[in-house]
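Visitor: The working numbering numbers the first residue of the sequence shown as 203 and each following residue consecutively.
Note that the Cβ used here is the ideal one computed from N, Cα and C, for glycine as well.
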Amino acid sequence: SEMTINVPFGDGEYKEYPIPEQFKTHLQGGKHLVTVPNESSGV
203 SEMTINVPFG
213 DGEYKEYPIP
223 EQFKTHLQGG
233 KHLVTVPNES
243 SGV
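(1) Consult DSSP for Glu241 and reduce its assignment to one of helix, strand or coil.
(2) Using a Cβ-Cβ cutoff of less than 6 angstroms, which residues in the same chain neighbour Lys226 once the five nearest sequence positions on both sides are dropped?
(3) With DSSP as the reference, please indicate the residues paired to Glu204 in a beta bridge.
(4) Whole angstroms is fine: what's the gap from Val209's alpha carbon to Val236's?
(5) In whole angstroms, what is the alpha-carbon distance linking Glu223 and Gly214?
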């Protein structure tokens, strides 16, 4: 399953990004989404 986040851009527009719930995703440097395995995923 996934959820979607909306990231605003300077022109007032937003872009949607699907984020898988079974991974840990964070915004790095305010510009890049970084997705890594969740510690509880058994990897």
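Guide: So, from the data block:
(1) Helix at Glu241.
(2) Excluding sequence positions up to five before and after Lys226, its CB lies within less than 6 angstroms of the CB of Val238 and Asn240, all in the same chain and listed in chain order.
(3) The partner list for Glu204 (beta bridge, DSSP) reads Pro222.
(4) Taking the straight line from one Cα to the other gives about 14 angstroms.
(5) Each residue's alpha carbon lies about 27 angstroms from the other.
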